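Presented below is the structure to which this report refers.
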Amino acid sequence: MRKDGKLDYLEMQAAAGTIDSVKSFYSAAFGWSFTDYGPSYAAFEEGFDGGFDAQATAQTKPLPVLYSDDLERSVEAVEEAGGRIVRPIFTFPGGRRFHFTDPAGNELAVWTEKGA
Numbered sequence: 001m002r003k004d005g006k007l008d009y010l011e012m013q014a015a016a017g018t019i020d021s022v023k024s025f026y027s028a029a030f031g032w033s034f035t036d037y038g039p040s041y042a043a044f045e046e047g048f049d050g051g052f053d054a055q056a057t058a059q060t061k062p063l064p065v066l067y068s069d070d071l072e073r074s075v076e077a078v079e080e081a082g083g084r085i086v087r088p089i090f091t092f093p094g095g096r097r098f099h100f101t102d103p104a105g106n107e108l109a110v111w112t113e114k115g116a
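Take the UniProt record's numbering: the final residue in the sequence shown is number 116, and no numbers are missing along the way.
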């Protein structure tokens, strides 16, 4: 069951053209399996859901993703608490999300299935 504000997904980067080798590595080393969403994104469900994104260029660190039932309210809460929105709400296959940085400069995302 998904709950507001809880870690729900971990998105990691894969350099352009490396998605197949990343999938091969994790399959061979740990027995992971993947669901492809186009040629540049592969999701996994291995105790904690996540994915590798070969199209992301600005984000070089893993991206923790939180869940929210009310994305607009979460934007307000992040801003009221002193966070900075670095990528406004956008849609993606499966839902909508936004990115923010916390006071320490860590980038996180918040997503919802609703209103996709």
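Heads up, the beta-carbon is just placed ideally off N, CA and C, and yes, glycines get one too.
All figures in this text were calculated on a predicted structure; none of them were measured in a lab.
- Within the UniProt domain "VOC" (6-113), the alpha helix (DSSP H) runs of at least 4 residues that lie entirely inside it are, in chain order, 19-30, 71-80.
- By the criterion of at least three beta-carbon pairs nearer than 8 Å, the region 18-33 is not in contact with the region 73-87.
- Counting the other Cβ atoms within 10 Å of the Cβ of T112 gives 16 or more, which makes it buried.
- G5 and G83 have their C-alpha atoms some 14 Å from each other.
- Under the Cβ criterion (8 Å, minimum of three pairs), the region 63-70 does not count as touching the region 84-93.
- By the criterion of a C-beta distance shorter than 8 Å, D8 is surrounded in its chain by R2, D49, V65, L66, Y67, W111, once the five residues flanking it on both sides are discounted.
- The shortest C-alpha to C-alpha distance from A109 to any of A43, Y37, H99 is the one to H99.
- For the pair V78 and F52, the CB atoms are not nearer than the 8 Å cut-off.
- Taking all protein chains shown into account, A104 has fewer than 16 neighbouring C-beta atoms within 10 Å of its C-beta and is therefore exposed.
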